[in-house]
Each structure stands twice: as structure tokens, then as C-alpha cells.
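**Student:** For reference, the structure I am asking about is given below.
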Amino acid sequence: MTRIGGCRGGAVARAVWGAGLVVLSRSLPVPRKVALALGIRHLVQAAAVLRRPDGLVARRGWTIDVAHGVSMLGLAAVTPRWRGAALVSAVGAAAWCRTARPGKRR
Numbered sequence: 021m022t023r024i025g026g027c028r029g030g031a032v033a034r035a036v037w038g039a040g041l042v043v044l045s046r047s048l049p050v051p052r053k054v055a056l057a058l059g060i061r062h063l064v065q066a067a068a069v070l071r072r073p074d075g076l077v078a079r080r081g082w083t084i085d086v087a088h089g090v091s092m093l094g095l096a097a098v099t100p101r102w103r104g105a106a107l108v109s110a111v112g113a114a115a116w117c118r119t120a121r122p123g124k125r126r
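Here the sequence shown is numbered in this note's numbering, starting from 21 and rising by one per residue.
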């Protein structure tokens, strides 16, 4: 699979994930505004990659996922109430980072 093909597949998966967060935002165990913000961020990022698979977001968008994952680890460390959701989100961010990070594919 080519890098551009891989970008598109990852972007479609990200769009589906983002849409799911938006649609299910009322029933998730986090504040609705948080779920909406994260879902919309995923949709915007996916749209940017689909529009320009060789663009800046496609090449460097993984850094957004790293920042999100690190922030969720920080949240998990200081707030017992949101620890579980934050850790799940951090793992998800790591998975998205791996999907979006450029590099050799086996």
C-alpha cells in the first residue's frame, strides 16, 4: 500500500471515529462538550488529510495525537474521577499516532 493510500485509509477510519464521538456524545462517560470537541477535531483532521494527502496535516498530524495522549496522561495523574476515561483516551491517541505517523510499513 502506498503512503497516500495509507493516509486515506487512516483518514477515513478517523472520520468514522470522529463521527461516532459526535453522534454518541450524549451517552459517553465524559462531558458532552469534551466528546464533541474531540469528535470534531478528528473530523477536521480527517478532512484535511483527505483533501491533501501529501499536505502538512498528513505529514505532521500525528503530533496532535501525541499532544492529546500526553495531556490525557497528565489528566489521569491528577484526577481520579476521570482517570479511566483519560487512560482509554491516551491509548486511543497512541493508536491514532501510529496510524498517522509517517514511516516504513511492513
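We treat Cβ as the ideally placed atom computed from N, Cα and C, and that holds for glycine.
Could you tell me the boundaries of the alpha helix (DSSP H) in which Leu76 lies?
**Tutor:** Position 56 of the sequence shown, counted from the first residue, corresponds to residue 76. Counting along the chain, the alpha helix (DSSP H) containing Leu76 begins and ends at 76-80.
**Student:** Throw me the rounded Cβ distance for the Leu56 and Gly38 pair, which I believe falls under 8 Å.
**Tutor:** The residue given as residue 56 occupies position 36 in the sequence shown. The residue given as residue 38 occupies position 18 in the sequence shown. About 10 Å separates the two Cβ atoms, so there is no contact after all.
**Student:** Grouping DSSP H, G and I as helix and E and B as strand, with all else coil, what is Val50?
**Tutor:** Residue numbering aside, residue 50 sits at position 30 when the sequence shown is read from its first letter. Here Val50 sits in coil by DSSP.
**Student:** Go ahead and label Arg34 buried or exposed: buried means 16 or more other beta carbons lie within 10 angstroms of its beta carbon, across all protein chains shown.
**Tutor:** The residue labelled residue 34 in the question sits at position 14 within the sequence shown. With 16 or more Cβ atoms within 10 Å of its Cβ, Arg34 is classed as buried.
**Student:** Thinking just about the alpha-carbon of each residue, which of Arg79, Leu58, Gly81 is nearest to the one in Gly40?
**Tutor:** Counting from one through the sequence shown, the residue named residue 40 turns up at place 20. Checking every option, the nearest Cα to that of Gly40 belongs to Leu58.
**Student:** Could you give the DSSP three-state label for Leu44: helix, strand or coil?
**Tutor:** Within the sequence shown, numbered from 1, the residue matching residue 44 stands at position 24. DSSP places Leu44 in coil when its eight states are reduced to three.
**Student:** In three-state DSSP terms, what is Arg71?
**Tutor:** Numbered from its first residue, the sequence shown carries residue 71 at position 51. Looking at Arg71 - three-state DSSP - the assignment turns out to be helix.
**Student:** Please report the residue range of the alpha helix (DSSP H) in which Trp116 lies.
**Tutor:** Working through the sequence shown from its first residue, we reach residue 116 at position 96. It spans 103-120 - the alpha helix (DSSP H) in which Trp116 sits, taken as one unbroken run.
**Student:** In chain order, what residues of the same chain have a beta carbon less than 7 Å from the beta carbon of Gly112, not counting five sequence neighbours either side?
**Tutor:** As a first step, residue 112 is located in the sequence shown; it is residue number 92 there, counting from the start. For Gly112, where only same-chain residues beyond five positions count, there are no Cβ hits under 7 Å.
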